[in-house]
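Student: Quick mapping for you: the protein sequence lines, in order, are chains A and B.
Residues are numbered in this note's numbering as their position in the first sequence, beginning at 1, plus a constant of 46.
Residues are numbered in this note's numbering as their position in the second sequence, beginning at 1, plus a constant of 294.
All C-beta atoms in this analysis are idealised placements derived from N, C-alpha and C, irrespective of residue type, glycine included.
Have a look at this one.
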Amino acid sequence: MKGTPHESAHLHVAGEARYIDDIPEITGTVHAALGLSDKAHAHITAMDLEPVRQSPGVLAVLTAEDIPGENNCGPIVHDDPILADGLVQYVGQPIFAVYAESYEQARIAARKAKISYDELPAVMTPEEARARESYVVPPMKLVRGDARAAIDKSAHRLAGQWSVGGQEHFYLEGQISYVLPTEDQGYHVYCSTQHPTEMQSVLCHLLNLRSHQVVVEMRRMGGGFGGKESQSALFCCVAAMGAHALGRPVKLRLDRDDDMMISGKRHCFHYDYEVGHDDQGRINAARIELVSRAGFSADLSAPVATRAVCHFDNAYYLDEVDIRAFCGKTNTQSNTAFRGFGGPQGAIAIEYILDNIARNLDRDPLEIRKANFYGKQERNTTPYGQPVVDNVIHELVAELETSSDYAARRQSCRDFNIGSPVLKKGIALTPLKFGISFNVVHFNQAGALVHVYTDGSVLVNHGGTEMGQGLNTKVAQVVAAELGISVEQVRSSAADTSKVANTSATAASTGTDLNGKAAQDAARQIRTRLAEFATREHGGEAGAVIFKNDTVTANGIEMPFRELVMSAYTNRVQLWSDGFYATPDLHWDKDSMTGRPFYYFAYGASVSEVIVDTLTGEWKLLQTDLLHDAGNPINTHIDIGQIEGAFIQGMGWLTSEELCWNDQGRLTTHAPSTYKIPASNDCPAIFNTRLFDNQNHEDTIMRSKAVGEPPLLLPFSVFFAIRDAIASVAAYRINPVLKAPATPEAILDAIDSVSTEA
Amino acid sequence: MTTDKHAIRFLLNGEPVVAENQNPTRSVLSYLRQEMGLVGTKEGCAEGDCGACTVVIGELIKGELHTRTVNACILFLPTLDGKALFTVEYLRHMNDELHPVQQAMVDCHGSQCGFCTPGIVMSLWDKYNEYSDTDKRPDRQELADHLSGNLCRCTGYKPILEAGWKMFDLPPSPLARQPIIDALSRYSRDSSLQLHHPDAHYDAPRTLQELRTLRAARPKATLLAGGTDVGLWVNKLMRPVTDIIYLGNVAEMQSVRVEKEQLHIGAAVSLSDAYAEAVAHYPQLLEMEKRFASVPVRNSGTLGGNVANGSPIGDSMPWLIALGADVQLLGKDTQRSIALEDLYTGYMQNSLQEGEFVASIIIPLPVEGQRFRTYKLSKRFDSDISAVCAAFNLVLQDDVIVSARVAFGGMAATSQRAAACEASLIGNRWDEETLSAAKQALASDYSPMSDMRASAAYRQRCSSNLLQRFFLETRPENPLDEQQTSVFARAEVTA
């Protein structure tokens, strides 16, 4: 069962998996498009929408004034207008919506507005926002001990600044919502979203409805990665406004360029750090400012910053710390959740610092990393006060070091470089530790509904959403295991707010942990009833009834599962059940930033070897070895798929994926022609992935560990391997100033900087 | 079957289809999804850059069925006339089981969210058909190259590449070619396709003479070849394209021939075919061939389109100019050849006369003593637009440079020769001293700009560094092989 293919794999490959735009359109369906701001920061002084209204096929044009309820789609802070109301805060901000008979007509019309602006100064970078002390939420801090004093007392001090870029989600299926008015002021909403309940809620505020009037249904997304957690709301609302105004079904499917112009991305971060360390490279104390580009509104920037703060330690014990985070308000898209949710941005900062310390001490960066690892009995409490009790980083890294032949390959890179005037090789091994659970305690709950039908087939519904990560497959496996039936007997249905209410976002890697447990709870209740029924019929102990191989054995009597089910039905036994789960033992104080925010930690490590062209900065990944801790995996292949996919996605973030804004504040990389996610030739020819043999220390579903986000930190090794190759140009004596993403230009700049210094 | 000069006729998944009253600029993707209810083919970007809409086109060439992948999102419906279109729905249509390509993708866990998957399946199917009659299979590199136009955001590609290998282990399911060939052979036309839709006119002349006459009569009409750029005018700029002359059916413009030590490539020859020919004569073009856009874009786009479009970042012009290529220009009653660099007069401007069009590109074949290289720099290997594109062509006699042609893309408003650099090279020995002077001269040849692909400083610096690389690879003393100079070097490349 651990090798079960994705429940939709046979549909994916046949083109038969239905996404929202594939649903046959109801007669009378109207298509929407958005009119966008041309200015980064301006008051709208006049708006002539008549040419839009007169454009062929147009049925209606709506603006902020036409919103019956609240003009907000912000998930936490209510600062996120659906349509700009007099003030535009970034290029690409939606100002009006046009509804037309066809998709093309709506898009053509949307370009015909004549809007006049009175421009205001725009803030584009996190550094500018920090200098102006302009933030979308108040700054946050996590302090343990007296970092300042400890740094001053340290044998060595290291201070600097650095930055990493943001990242576009580039889910292959763009944002889409299809809203159908139903009877009695009801709405049925198809929305490509990770958070159906949130969509239901914002829609109710928009149209002054009660939640029971709105059903949100979501079978599958063509990728989400965090980009459809909060940010699907705007599009859902615009479609709903049209459906409300016209009384017709409305679909809003974004063109790729509009999608990239409007929607938020991974936060870029700027760092200002200082650490003190000893002769062995062990850090005594660290001080850091993490400044993110939040964009024009809060969205999820505060929890993203929280997770960045809680992951600055990565796998390392930092005794005295002063960590501050600032969510810079900028006139750009409102940045949002993206796989890792600030964790990668926090953790890569300490990796950069350790890399610098190693070169300063002329040591292998791996030695320095190991010297700083969390201990098992001591040096094992995180800066936020949570003891690390499941630490496997020592043995995991040791195993990878051996299996990848790290030491010998490191030497052979150095030997190669001596004889190679143009091309230089580099290698790095980086570890990761990643905390699992939502930092907001009450999100850590889930519900499920399991139906056993009289023919023995099973339907499971739960609060999570399928975006490719294999959640539905794993939940079906859990239910099948609980009932002792084959997974083919279990079908997962679309997430649906009318089946399971008040769901949390499928996010923070928690999908399987939460919904798997809830579904198990539901299935277990049914099994208990069936066992009791079987013992009533056949005698024996209910607890001794065995459910296995589609067969139930009670008191030595075997019967097919389906026969028992049919018999139970005729004896009026309830064959369906709900289930619920709340993660235990979590607490978090957001003011002091302390508590136990995470139920457990996932671990992993990677080794990457690259070759870099010192004349052009072009590079290639030659080999990667991944070793990752997924606990006791529910589905090995799905987990390996998550690990490898996250690795390549994270590699894109750190190398080829560059977001550029021009001096007008316009994003110039708003399509795949200009924004380059990894392609087939970027996958290394030697790519070894293994799961670390482990069990979850905590009582998680089947003792597995969440695997969605943690492996996004694995490609740190690619970035630091590139840096290692660059450092060879100056005999590894100088720390190359290499920004992320390490584009060929950034790499060549770094090569030039070390060449000049050398 | 009767020929109807006003209807588009093609095979859709093996079945004859007649499309009437269609806007000629309607994309094949829109037609499939909205008109035919075939929603297996997806839209990911509508600009030919993601591959979610990959479909396979088949056409008869000398009685044989030739198939290739294309992007349905930027393919205009009338260009299908007389061809066979295969979509993902066809693979199961053949028998109800999953095709080996599909089964291998399932077995290897090659899909996660599944949205890119139909496009990937079609690219793999195309490769499968190429090999299914042989006892060979493509290696990993060939598969990766073939998937250059298919983005996947979930898997990281490894299981997809594995599926491409393992699909040959399953019971074979070759494409039944003969019924397609028979059906297509009935589509031969005795008059050209002409569409008169309220929104646009569309003509697909079949002979050069027809084209010359049409062009003279409609000098403002949009000349459509592969549509890899014109498709974006419609999808992205929402620009109405109301008058179209399609070049893809003009037999003379599809030809490739060698004559008098020159390679003549018809302007409507696809980039795939044109590069295959060029690489046969100039193996140094292999990396450029692989890096030029993606397989589906190269299958649709034409060398003539790349040249006539005249983008400053087009990847063919620098090497064509460096090799001294000419373009043949035809008018209604006129014919002339000019040097390619003389075609460009400014940013996206050219020296074509009214009624004239680019008919072919004429490339001199290699000569004794020639040192030729072309290089492209971009953020990504597959399907990216160059930040800088360079081409160097020296002819050496007794180690002395007797001829030098150097051209760059991405450095100016058009692809341009580096006059000062060339002048500094000619007459000198190809040594360090000459290199150093040539670098200095090159610095004065261009004033590049900064954009999202690279800064001016990077472009300037790399132009010099690429000249350095060229020297290292071609110097008379101890030249370095490509394995020592390019991270993308492949074993099969020869000097």
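Do you know offhand how far N742/A's Cα is from A783/B's?
Tutor: For the purposes of this step, residue 742/A is taken as residue 696 along the first sequence, with counting starting at 1. For the purposes of this step, residue 783/B is taken as residue 489 along the second sequence, with counting starting at 1. Cα to Cα, the separation comes out at about 45 Å.
Student: Looking at the strands, I want to know which residues DSSP matches up with A494/B.
Tutor: By 1-based counting over the second sequence, the position of residue 494/B is 200. Bridge partners of A494/B: H491/B.
Student: Please confirm whether M399/B and T381/B have their CB atoms less than 9 Å apart.
Tutor: Residue mapping note: residue 399/B aligns to position 105 of the second sequence, counting from 1. Residue mapping note: residue 381/B aligns to position 87 of the second sequence, counting from 1. Not closer than 9 Å, so no.
Student: Buried or exposed: which applies to G696/A, given that a residue is buried once 16 or more other Cβ atoms fall within 10 Å of its Cβ?
Tutor: Working through the first sequence from its first residue, we reach residue 696/A at position 650. G696/A comes out buried.
Student: Can you tell me where the beta strand (DSSP E) with Y163/A in it begins and where it stops?
Tutor: Sequence index remark: in the first sequence, residue 163/A carries index 117 (1-based). Segment K160 to E165, the beta strand (DSSP E) holding Y163/A.
Student: In or out: P102/A buried (at least 16 other Cβ within 10 Å) or exposed?
Tutor: Position 56 of the first sequence holds residue 102/A. Exposed, because fewer than 16 other Cβ atoms sit within 10 Å of the Cβ of P102/A.
Student: List, from N- to C-terminal side, the alpha helix (DSSP H) runs of 4 residues or more that fit wholly inside the region 603-677 of chain B.
Tutor: 611-616
Student: Just tell me which of T519/A, T616/A, D567/A and Q391/A has its CA closest to the CA of H683/A.
Tutor: On the first sequence, residue 683/A is found 637 positions in, with the first residue counted as 1. Checking every option, the nearest Cα to that of H683/A belongs to T519/A.
Student: Taking 8 Å as the cut-off, does the CB of I396/A come closer than this to any heavy atom belonging to the ligand HEM?
Tutor: As far as ligands go, the structure on display features none, and thus does not contain the ligand HEM.
Student: Compare the C-beta of P140/A with all C-beta atoms of chain B and state if any pair is closer than 9 Å.
Tutor: Locating residue 140/A in the first sequence gives position 94, where the first residue counts as 1. Judged by the 9 Å Cβ criterion, P140/A is not in contact with chain B.
Student: Anything in the region 660-675 of chain B with a Cβ closer than 9 Å to a Cβ of chain A? List those residues in chain order, please.
Tutor: Y669, L671, S672, K673, R674 and F675
Student: By the criterion of Cβ-Cβ separation under 9 Å, what are the contact partners of D68/A in chain B?
Tutor: Counting from one through the first sequence, the residue named residue 68/A turns up at place 22. The contacting residues are R327, V333, G334 and K336.
Student: Would you kindly work out how many angstroms separate the C-alpha atoms of A789/B and F764/B, rounded to a whole number?
Tutor: On the second sequence, position 495 is the one that residue 789/B refers to. On the second sequence, position 470 is the one that residue 764/B refers to. Residue placement at A789/B is poorly supported in this model, since its pLDDT is 38, which falls under 50; the coordinates still yield a value, given next. Cα to Cα, A789/B sits roughly 12 Å from F764/B.
Student: Are the C-beta atoms of G450/B and some chain A residue less than 9 Å apart?
Tutor: For this step, residue 450/B is matched to residue 156 along the second sequence. So, interface residue.
Student: If the cut-off is 8 Å on Cβ atoms, which residues from the region 342-358 of chain B count as contacting chain A, listed in chain order?
Tutor: D343, C344 and A346
Student: Measuring only between beta-carbons, confirm whether E17/A sits less than 9 Å from chain B.
Tutor: Shown here, chain A extends from 47 to 804; a query on residue 17/A therefore has no answer.
Student: With 16 other CB atoms within 10 Å as the buried threshold, where does Y638/B fall?
Tutor: The residue given as residue 638/B occupies position 344 in the second sequence. Taking a 10 Å sphere around the C-beta of Y638/B, we find 16 or more other C-beta atoms and assign the residue as buried.
Student: Check whether the region 696-715 of chain B and the region 772-782 of chain B touch, using three or more Cβ-Cβ pairs below 8 Å as the test.
Tutor: no
Student: Assuming Q207/A is part of the beta strand (DSSP E), what are its boundary residues?
Tutor: As a position in the first sequence, residue 207/A is number 161, starting the count at 1. That run of the beta strand (DSSP E) goes H202 to V210.
Student: With 8 Å as the limit, tell me which residues of the region 598-629 of chain A have their beta carbon closer than that to any beta carbon of chain B; keep them in chain order.
Tutor: none
Student: Measure the C-alpha to C-alpha separation of V787/B and A568/B and round it to an integer number of angstroms.
Tutor: Your numbering for residue 787/B matches position 493 in the second sequence. Your numbering for residue 568/B matches position 274 in the second sequence. The predicted position of V787/B is uncertain, since its pLDDT is 43 and thus under 50; a value taken from the coordinates is nonetheless stated next. Roughly 19 Å between the two C-alpha positions.
Student: At a Cβ cut of 9 Å, what residues of the region 725-752 of chain A count as close to chain B, listed as they run along the chain?
Tutor: A725, S726, N727, D728, C729, P730, A731, F733 and T735
Student: Considering Cα atoms alone, identify which of R712/A, C706/A, E744/A and S623/A is closest to G677/A.
Tutor: The sequence position of residue 677/A within the first sequence is 631, counting from 1. Put simply, of R712/A, C706/A, E744/A and S623/A the residue whose alpha carbon is nearest the alpha carbon of G677/A is E744/A.
Student: With contact counted as at least three CB pairs below 8 Å, one residue from each stretch, are the region 571-586 of chain B and the region 496-508 of chain B in contact?
Tutor: No: fewer than three Cβ pairs fall under 8 Å.
Student: Compute the Euclidean distance between the alpha carbons of P790/A and M748/A, then round it to the nearest angstrom.
Tutor: Working through the first sequence from its first residue, we reach residue 790/A at position 744. Working through the first sequence from its first residue, we reach residue 748/A at position 702. Going from the Cα of P790/A to the Cα of M748/A covers about 44 Å.
Student: Taking a cut of 8 Å between CB atoms, which residues from the region 755-778 of chain B lie near chain A?
Tutor: If the cut-off is 8 Å between Cβ atoms, the region 755-778 of chain B has R755, C756, N759, L760, Q762, R763, L766, L774 and Q778 near chain A.
Student: What residue from W622/A, L300/A, D798/A and S180/A has the CA that sits closest to C756/B's CA?
Tutor: For the purposes of this step, residue 756/B is taken as residue 462 along the second sequence, with counting starting at 1. That would be D798/A, whose Cα lies nearest to the Cα of C756/B.
Student: I'd like to know if M513/A contacts chain B, where contact means its C-beta is closer than 9 Å to some C-beta of that chain.
Tutor: By 1-based counting over the first sequence, the position of residue 513/A is 467. Put simply, the CB of M513/A is near chain B, with a gap under 9 Å to one of its CB atoms.
Student: According to DSSP, N601/A sits in a beta bridge with which residue or residues?
Tutor: On the first sequence, position 555 is the one that residue 601/A refers to. Looking at the DSSP assignment, N601/A forms no beta bridge with any residue, so it has no partner.
Student: Would you tell me roughly how many angstroms separate the C-alpha atoms of A569/A and Y163/A, rounded to the nearest one?
Tutor: For the purposes of this step, residue 569/A is taken as the residue at position 523 of the first sequence. For the purposes of this step, residue 163/A is taken as the residue at position 117 of the first sequence. CA-CA distance, A569/A to Y163/A, rounds to 59 Å.
Student: Determine the DSSP secondary structure at R405/A, reduced to helix, strand or coil.
Tutor: In the first sequence, the residue the question calls residue 405/A occupies position 359. Under the three-state reduction of DSSP, R405/A is assigned to helix.
Student: Exposed or buried, which one is N759/B when buried takes at least 16 other CB atoms within 10 Å?
Tutor: The residue given as residue 759/B occupies position 465 in the second sequence. Counting Cβ neighbours within 10 Å, N759/B comes out buried, since at least 16 surround it.
Student: Going along chain B in order, which residues have a C-beta closer than 8 Å to the C-beta of I723/A?
Tutor: Residue numbering aside, residue 723/A sits at position 677 when the first sequence is read from its first letter. Residues of chain B passing the Cβ test: L445 and R447.
Student: Under 7 Å, CB to CB, which of the residues in the region 290-315 of chain A have a partner in chain B?
Tutor: D301, R302 and D303
Student: I need the straight-line Cα distance from L464/B to K584/B, nearest angstrom please.
Tutor: The sequence position of residue 464/B within the second sequence is 170, counting from 1. The sequence position of residue 584/B within the second sequence is 290, counting from 1. Rounded to whole angstroms, L464/B to K584/B spans 29 Å at the Cα level.
Student: Given this structure, state the Cα-to-Cα distance separating M547/B from N687/B, to the nearest angstrom.
Tutor: Looking up residue 547/B in the second sequence gives position 253. Looking up residue 687/B in the second sequence gives position 393. Cα to Cα, M547/B sits roughly 28 Å from N687/B.
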